Every structure is written in C-alpha cells, then in structure tokens.
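Q: Got a structure for you, written out below as structure tokens; questions coming shortly.
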Amino acid sequence: MAEDGALITRSVTVGGKNKSELLDELHANQVELNEAARTLFADVRFTASAETNSLETVECSVAELGFINGGLIEAITSKAITRGLMPCSLEVGPYMRLQYLDQAEGAIDQPKTQHCAPPGSITIVSPPLDFSDETPKGFYLRRIDGVLWLRGYTAGLDHRWSADDRLLFAKAQ
Numbered sequence: 001m002a003e004d005g006a007l008i009t010r011s012v013t014v015g016g017k018n019k020s021e022l023l024d025e026l027h028a029n030q031v032e033l034n035e036a037a038r039t040l041f042a043d044v045r046f047t048a049s050a051e052t053n054s055l056e057t058v059e060c061s062v063a064e065l066g067f068i069n070g071g072l073i074e075a076i077t078s079k080a081i082t083r084g085l086m087p088c089s090l091e092v093g094p095y096m097r098l099q100y101l102d103q104a105e106g107a108i109d110q111p112k113t114q115h116c117a118p119p120g121s122i123t124i125v126s127p128p129l130d131f132s133d134e135t136p137k138g139f140y141l142r143r144i145d146g147v148l149w150l151r152g153y154t155a156g157l158d159h160r161w162s163a164d165d166r167l168l169f170a171k172a173q
C-alpha cells in the first residue's frame, strides 16, 4: 500500500476462483456478508474470472476528486476517468476484502447511518448489474467491532455521495 497525500494505492490480484470458491475463502477468513452482498453473489450476471491478473487501485474521497460538496456517481466517475482512474469490475470487491485484512475500525462512537456510506467504509466503484431499485449496485468494505465485512449496497443515480465518502477505483492500464 502506498499513500500519495490522502490517496491510497493498493495492488490487488483478481481472478482464478469461481464464486463458490470466493464465498468459501471469505467464510474461511471470517468475513461477514450482508443480504445485499449475498444477492450480488447469487446473481448470474456477476461473473468470476478464471484468469488471474493484478491491478493497481486508488482509494480517494469524493472531495479529493474535486467534489467538496459531494456529488452524483456519474459526475464523480467522469472526473475520476479524467484522472486516469476507472470503475472496477464487480469481482474486485471480494478480492479486495480478502487482501485488505487490516482495515481500520469505522464505527467506533459513530451513529448508525442510513442512505449514506458508513464511517470508515470504502465503496468499490463498479458498473451496476442494472438500474432497478431492487438490485444492489456494488460492494463496500467495512470493519465493525473487529469483524471484517463485504457488504452490498443500493444507491440510485440520484444518490448524492458525501465529500468524505471513500471510493476505490482501478488505475487505467
């Protein structure tokens, strides 16, 4: 992991396992999943690559992309692309969770959140499987009371991401 200001870069190896093997490895590493994450895994449109490849990721806040008052995901993603960052494939979420095991606690003395990213979470920016309200849009990583989570989330295109929300993109290759 390398830090460039508040930008954090990490290498992640993705692929080589099917979804069942990924779920087994998450379970073996005591990673919890919420219902939305299980729904994403069960969706046939979420595919796992048989080939292994390594990619560089960049974690940044919405404000670090120039949105000091927050912004909509389309505008945030467009700005990220101009900076050489791309949305990740959906399968980056489980692999990042398995390879980033020392995530800091995020919920200590923080109130519960609803309709916004929880404190300390990292949302993996990826294209949604579809735009229906029922389908989770992607994964985010969180540590709560020492427990690592891979969680799915729902957010429409009209959801305003907070300036402090942490997002993960892939570096363009």
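FYI, in the UniProt record's numbering the residues of the sequence shown are 1 to 173. Glycine included, every Cβ here is placed at the ideal spot set by N, Cα and C. As the structure is a prediction and not an experimental result, all values here were calculated from the model.
Taking residue 169 as the reference, which of 148, 79, 104, 149 has the closest Cα?
A: Of the listed residues, the one whose Cα sits closest to residue 169 is 79.
Q: Please give me, in chain order, every unbroken run of the beta strand (DSSP E) with length at least 3 that falls completely inside the region 120–165.
A: The qualifying runs are 122–124, 138–144, 147–153.
Q: Hey, is residue 149 close to the ligand NAP, as in C-beta under 7 Å from one of its heavy atoms?
A: For the ligand NAP, the structure offers nothing, since it holds no ligand at all.
Q: So what's residue 45 in DSSP terms, helix, strand or just coil?
A: Looking at residue 45 - three-state DSSP - the assignment turns out to be coil, as it is neither helix nor strand.
Q: Which ranges would you report for the beta strand (DSSP E) in the region 6–76 if only whole runs of at least 3 residues count?
A: Counting whole runs of 3 or more residues, the region 6–76 contains the beta strand (DSSP E) stretches 7–14, 53–61.
Q: According to the neighbour-count rule (16 or more other Cβ atoms, all chains shown, within 10 Å of its Cβ), is residue 91 buried or exposed?
A: By the 10 Å Cβ count, residue 91 comes out buried.
Q: Which of helix, strand or coil does DSSP assign to residue 85?
A: Three-state result, residue 85: strand.
Q: Going by DSSP, name the residue or residues bridged to residue 171.
A: Per DSSP, 85.
Q: Enumerate in chain order the residues of its own chain whose CB-to-CB distance from residue 49 is below 7 Å, with the five nearest sequence positions on each side excluded.
A: Same-chain partners within the cutoff: 14, 15, 91.
Q: Given that a residue counts as buried once 16 or more other Cβ atoms are within 10 Å of its Cβ, and exposed if not, what is residue 41?
A: By the neighbour-count rule (16 or more Cβ atoms within 10 Å), residue 41 is buried.
Q: Spatial neighbours of residue 162 within its chain, please: CB distance less than 8 Å, with the 5 preceding and 5 following residues excluded, ordered by chain position.
A: Hits under 8 Å: 62, 70, 116, 117.
Q: In terms of residues, what are the limits of the alpha helix (DSSP H) holding residue 99?
A: Where residue 99 is concerned, the enclosing alpha helix (DSSP H) stretches over 92–99.
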